[in-house]
Every structure is written in C-alpha cells, then in structure tokens.
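Q:
Number of protein chains: 2
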Amino acid sequence: MEHNIYDDPEFLAGYTTLSRQVDGLAGAAEWPAMRAMVSDVASQRVADLGCGFGWFSRWAVEQGAGAVVGIDGSISMLNRARAQTKAGDVEYRCVDLNFLDLGPQTLDLVFSSLTLHYVLDLSALFLTIANALVDGGRIVFSVEHPIYSAPSSQNFETSVSGKRIWPLENYLEEGERVTTWFVDGVVKQHRTIATYVNALIRSGLVIDQIDEWGPTADEVAARPELVDDRHRPWFLLVAATRMR
Amino acid sequence: MEHNIYDDPEFLAGYTTLSRQVDGLAGAAEWPAMRAMVSDVASQRVADLGCGFGWFSRWAVEQGAGAVVGIDGSISMLNRARAQTKAGDVEYRCVDLNFLDLGPQTLDLVFSSLTLHYVLDLSALFLTIANALVDGGRIVFSVEHPIYSAPSSQNFETSVSGKRIWPLENYLEEGERVTTWFVDGVVKQHRTIATYVNALIRSGLVIDQIDEWGPTADEVAARPELVDDRHRPWFLLVAATRMR
C-alpha cells in the first residue's frame with residue numbers, strides 16, 4: 006500500500022484539531038444535509054469508506070444498523086477508531102480504496118465522507134460499490150467541491166473592481182492537485198461534477214439528489230465568518246440508488 | 006407577455022452576428038455534444054423550447070422527426086424562423102415559456118438550447134415538460150454554466166500571483182443577474198447545477214448525463230483562442246428521461 010497522508014504524524018496532529026474530529030459529526034457543518042440524505046439506516050448493512058476515526062460508523066450502530074464495516078487506508082486512524090468503539094460494534098478494515106474488494110450484493114448503504122477525492126480510479130471504485138449494493142441500495146458521499154479543488158490557490162483574492170472573489174482556474178483540467186494542508190504535498194484528485202455524476206450513472210446507479218453544499222443565508226447571518234462559503238460551495242454531496 | 010429582449014432591434018442586430026446564428030448548429034461549439042445526447046429523433050414528436058431562428062427545429066425535420074413544434078417568446082425570432090422554414094415542416098408558436106402549456110403525454114423529446122436561464126419558475130416548467138413527455142421520453146437542454154453566470158463580472162482577471170483567473174463570486178446566491186450583452190440590462194436567472202438536477206428529479210425524470218461543456222484539450226490545441234473555456238466551463242448540458 007502507498008504511504009497514506011493520514012499516517013503522517015505532523016498531518017495527523019493538525020487534522021485531529023479540526024472541529025469535525027474534536028466534536029465528530031456535530032462539528033461537521035454539512036452533516037445535517039448528509040444525514041437527511043442517509044435517512045434511516047435501521048437494520049441496514051453499511052460500509053463507511055474512509056471511516057477515519059469512526060464517527061459515522063458509530064452513529065450508524067447507534068441508529069440500529071444491522072452491520073457496519075468501517076474501511077480506511079490509514080492504520081493510525083483505524084487504531085484510534087477501534088479505541089473509541091465498543092468491541093464488536095464495527096468491523097474495521099485497513100484497505101487502500103484503490104484496491105477495495107467488496108462482496109456482491111452484500112450492502113444496503115455505502116457512505117463516504119470527504120474521501121473519494123483521494124481515489125485514483127473513480128470508475129473502478131463506483132463499479133465495485135455498484136456490485137456490492139443490493140437492488141435499491143444507496144450510496145451517499147461528500148467530496149471537496151470541484152470549484153474548491155480546481156485552482157492552484159485555495160485563497161480568496163480581491164478583484165480589480167475591489168470584490169472578494171474565488172480565483173477559479175483549470176476547472177476542466179482533471180487530475181492531481183498538490184496542496185498544503187497542515188503539511189506540504191497533500192495530493193487530491195480534482196474532478197468535475199459531471200465526472201462524478203456520469204461515473205455513477207454508468208455504474209448502474211440513479212441519481213437521487215446532489216447538493217453543492219454551502220451555508221444558507223440564515224447560517225451566514227448567525228455565523229458571519231462563513232460568508233465566503235456562499236461565494237463558492239465547499240462540498241459536493243451526492244445521493245444515488247442502485248437499480249438492478 | 007413581458008417585453009422579450011430578443012425583440013429589441015439593437016440586441017437582435019448583435020445577436021444575429023453570432024456564428025451560431027450565421028452558421029446555425031455547425032456554428033455552435035457545443036452542438037456535437039448536444040447532438041450525441043439528442044441521438045435519434047426519427048418519428049419522434051419534438052418540442053424545441055426557445056427555438057429562435059429554428060435551426061434545431063429544421064434539423065429535427067431533416068432527421069425524420071414525426072412532428073416538430075418550435076416555441077419562442079420572441080415574435081421577431083419566429084418571423085425569421087418561419088421565413089427560413091418550408092411551409093408545414095415546423096409548427097411555430099409564440100409563447101412566453103413562463104406560461105407554457107403542453108398537452109399531457111404528447112411528446113417524445115423536449116429540446117432547449119440556452120433558453121432555460123431566462124425562465125423564472127424552473128420547477129413549474131419542468132413539471133409541465135414532465136407531464137408532456139411520454140414514458141421514456143427525453144429532455145436535452147443547455148444553459149449558461151452556473152460558474153459562468155454567477156459573478157457580476159464575466160471577464161477573466163489576473164490573480165495576485167499573475168495567473169489568469171475567473172473571478173467567481175456569489176455562486177450560491179441564486180436569482181437575477183443583469184449583464185451587458187449587445188445591450189445593457191439583459192436579465193438571466195442564475196441557478197446552481199444542483200438546482201437544475203434536483204428540479205428535474207423532483208419532476209419525475211431520471212438523469213442520463215450531464216456535461217459541463219468546454220472545449221477539449223485537443224480543440225484548444227487547434228483553436229488556442231478557446232483556452233479560457235478550459236478554466237471555467239461555458240455551458241451546462243443535461244439529458245434526462247421521463248419515467249412513469
């Protein structure tokens with residue numbers, strides 16, 4: 006397996022300070038939108054791809070999921086996930102998602118939070134997932150929004166007319182983006198919305214909903230520091246259903 | 006009916022000089038992608054919403070469509086469309102798309118090129134279209150890409166680091182955008198990709214494909230003046246199928 010950035014001690018030390026890692030799902034601004042997409046997981050067989058510290062996996066157990074598998078490529082993440090999870094509640098597996106193997110028609114729900122933008126061959130992974138989902142099974146995932154991941158600089162600038170602007174460039178140039186996030190050299194894969202949506206459809210899934218997630222105007226009124234996230238969405242959320 | 010900008014003589018004089026109006030479909034860079042989405046129209050009952058000078062309507066007739074209705078809110082456009090169309094080939098109707106009425110289950114294909122960003126109530130129009138399509142009937146449309154329509158300035162700028170950037174702002178602020186295009190005061194409705202996609206799904210359609218259209222790298226190599234359209238897509242193309 007390739008080196009996983011989440012096993013880098015310096016990266017992990019920074020990452021652990023994020024509110025979504027300190028407070029779990031409640032610290033993730035987009036969680037209410039994702040939770041609505043996930044809906045009822047009672048009795049469902051769930052896989053959590055890129056489970057990290059296991060926040061969603063444990064939530065699914067609390068909601069009465071029939072079986073939960075948490076999968077991540079970072080052994081450091083999984084060690085902490087295991088330490089925080091009651092024995093037997095979640096089956097954690099250390100697997101690089103570029104080489105994921107899932108049994109056929111064994112899952113009702115595949116969940117993935119902010120992970121698929123690390124995967125190299127998205128079509129291959131979607132086919133693996135489509136093969137693993139039962140008829141009517143669902144995938145709900147989030148990734149960094151392509152508008153966010155496209156430019157080489159992820160900082161707002163001031164336009165020639167004095168406006169606060171997001172310096173978009175190279176939106177249609179898919180592929181590797183190397184950014185600094187706690188450490189230098191964090192590699193993500195930039196893809197367009199069309200690529201995510203069309204790859205799902207080609208895998209045999211039907212799109213239920215997409216959400217170009219940013220705070221609502223009301224949320225910005227309550228938390229003015231979020232105003233930039235109205236200029237360019239932060240995350241792309243997608244829900245789709247397997248149809249056989 | 007409200008004043009239609011396409012009936013403004015100064016606007017129309019400028020608009021008529023566009024290559025897609027001089028050369029028709031062959032002058033529209035995105036036409037090959039849309040044509041692939043449209044696929045076979047032989048024997049199909051087709052409506053062309055925002056038909057303009059009737060280029061697509063006549064193409065559909067040439068391809069053997071069973072019946073073609075061209076609908077536009079501009080009488081100036083329709084007068085020229087009628088003058089260029091063999092009598093009886095296309096039924097042209099002057100209708101504001103905000104007040105469109107179509108019979109139930111009377112159409113196999115609804116086509117619309119660069120028109121829906123003028124419509125005020127998109128959900129109402131999609132419901133009208135969904136009601137008009139037979140089971141398995143399709144919609145194929147293009148609109149200005151939301152990345153293109155969002156900012157107040159539609160001109161590239163130079164970033165602080167010297168890069169050519171698209172000054173994105175207010176992507177999530179949907180609603181009216183007033184631009185200068187041949188004349189001042191051209192009003193379009195900015196919507197996110199999610200809004201287009203989710204409104205279709207809620208109307209009972211299944212998404213087949215989306216295309217955030219820009220030239221390919223090969224096309225830019227052949228026509229270097231298109232390079233900016235790799236930085237931000239120009240059009241959003243969507244194909245969806247009515248499922249009853």
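Chains as they are written, first to last, in the numbering used here: chain A, 6 to 249; chain B, 6 to 249. Note that the Cβ used here is the ideal one computed from N, Cα and C, for glycine as well.
Please return the same chain residues whose Cβ sits closer than 6 Å to the Cβ of isoleucine 215/B, not counting the five positions on each side in sequence.
A: Only Val243 meet the Cβ criterion.
Q: Give the single residue among Lys91/B, Glu15/B and His150/B whose Cα lies nearest to the Cα of phenylalanine 240/B.
A: The shortest Cα separation from phenylalanine 240/B among Lys91/B, Glu15/B and His150/B belongs to His150/B.
Q: Am I right that glutamine 194/B and valine 124/B are in contact with their C-beta atoms under 8 Å? What's the rounded C-beta distance?
A: At roughly 7 Å, the Cβ-Cβ gap stays under 8 Å, so glutamine 194/B and valine 124/B are in contact.
Q: Quick check on the DSSP output: the beta strand (DSSP E) that includes alanine 52/A runs from which residue to which?
A: Run containing alanine 52/A: 50-54, per the beta strand (DSSP E) assignment.
Q: Can you grab the Cα-Cα spacing for the pair glycine 209/A / valine 188/B, in whole Å?
A: About 46 Å.
Q: Would you list, in chain order, the members of the region 186-220 of chain A that have their beta-carbon closer than 8 Å to a beta-carbon of chain B?
A: Residues passing the 8 Å Cβ filter: Thr197, Ile198, Ala199, Val202, Asn203, Ile206, Val211, Ile212, Asp213, Gln214, Ile215, Asp216, Glu217 and Gly219.
Q: Which residue wins for smallest C-alpha separation from threonine 111/B, given the options Ala86/B, Thr120/B, Ala18/B and Gly141/B?
A: Cα-wise, what sits closest to threonine 111/B is Gly141/B.
Q: Assess, as a yes-or-no matter, whether the region 10-29 of chain A is touched by the region 44-53 of chain A under the definition of 3 or more beta carbon pairs within less than 8 Å.
A: Result no; under three Cβ-Cβ pairs closer than 8 Å.
Q: From which residue to which residue does the alpha helix (DSSP H) around tyrosine 201/A run?
A: First-last of the alpha helix (DSSP H) with tyrosine 201/A: 198-207.
Q: Would you say glutamate 149/B faces chain A, with C-beta separation under 8 Å as the test?
A: Taking Cβ atoms only, chain A never reaches closer than 8 Å to glutamate 149/B, which makes this a no.
Q: Give the DSSP-derived three-state secondary structure of glutamate 118/A in the structure shown.
A: Rather than glutamate, the amino acid found at residue 118/A in this sequence is serine. Three-state result, serine 118/A: strand.
Q: Which residues in chain A have a C-beta closer than 9 Å to the C-beta of proline 172/B? List them in chain order.
A: Within chain A, the residues near proline 172/B are Glu162, Ser164, Val165, Ser166, Lys168, Ile170, Trp171, Pro172 and Leu173.
Q: Taking 8 Å as the threshold, find out whether the region 218-235 of chain B comes into contact with the region 172-192 of chain A through three or more Cβ pairs.
A: Verdict: yes, contact present.
Q: Using DSSP with H/G/I as helix, E/B as strand and the rest coil, what is serine 62/A?
A: Note: serine 62/A maps to helix in three-state DSSP.
Q: Please list the residues of the region 232-243 of chain A that have a C-beta atom closer than 7 Å to any C-beta atom in chain B, keeping them in chain order.
A: Residues passing the 7 Å Cβ filter: Arg235, His236, Arg237 and Pro238.
Q: What does tyrosine 153/A touch in chain B if you count any residue whose Cβ is under 8 Å from its own?
A: Near tyrosine 153/A there are no residues of chain B at all, since even the closest Cβ is about 11 Å away, more than 8 Å.
Q: At the level of alpha carbons, what is the spacing between isoleucine 10/B and alanine 155/B?
A: Their Cα atoms are separated by approximately 20 Å.
Q: Under the rule that 16 or more other beta-carbon atoms within 10 Å means buried, what is tryptophan 186/A, buried or exposed?
A: By the neighbour-count rule (16 or more Cβ atoms within 10 Å), tryptophan 186/A is not buried but exposed.
Q: Express the C-alpha separation of threonine 246/A and methionine 42/B in angstroms, rounding to a whole number.
A: Distance between the alpha carbons of methionine 42/B and threonine 246/A: 23 Å.
Q: How many angstroms separate the CA atom of arginine 237/B from the CA atom of alanine 226/A?
A: When rounded, the distance between both Cα atoms is 30 Å.
Q: Within 10 angstroms of its Cβ, does arginine 196/B collect 16 or more other Cβ (buried), or is it exposed?
A: Flag for arginine 196/B reads buried.
Q: Using C-beta distances below 6 Å, list every residue in its chain close to arginine 169/A, excluding the 5 sequence neighbours before and after it, in chain order.
A: For arginine 169/A, where only same-chain residues beyond five positions count, the Cβ hits under 6 Å are Phe161.
Q: Can you have a look at aspartate 45/B and say buried or exposed, based on whether 16 or more other CB atoms are within 10 angstroms of its CB?
A: With fewer than 16 Cβ atoms within 10 Å of its Cβ, aspartate 45/B is classed as exposed.
Q: Alpha carbon to alpha carbon, what distance is there between asparagine 84/B and valine 66/B?
A: Looking at the two C-alpha atoms, the distance is approximately 18 Å.
Q: Since serine 158/B meets chain A, which of its residues come closer than 9 Å, beta carbon to beta carbon?
A: Simply Ser164, Val165, Ser166, Lys168 and Ile170.
Q: If you follow the beta strand (DSSP E) that tryptophan 171/B is part of, which residue opens it and which one closes it?
A: Counting along the chain, the beta strand (DSSP E) containing tryptophan 171/B begins and ends at 169-173.
Q: Taking 8 Å as the CB-CB cut-off, is leucine 138/B touching chain A?
A: It does not: the Cβ of leucine 138/B has no partner Cβ on chain A nearer than 8 Å.
Q: Is any beta-carbon of chain B found at less than 8 Å from that of tyrosine 176/A?
A: Answer yes: the Cβ-Cβ gap between tyrosine 176/A and chain B drops below 8 Å somewhere.
Q: So, at 6 Å on beta carbons, what are the nonlocal neighbours of serine 117/A in its own chain, with the 5 sequence-adjacent residues on each side left out?
A: Within the same chain, serine 117/A has close Cβ partners Leu54, Gly55 and Phe146.
Q: Given a cut-off of 8 Å, decide if glycine 71/B and valine 95/B are closer than it, judged by their beta-carbon atoms.
A: No.
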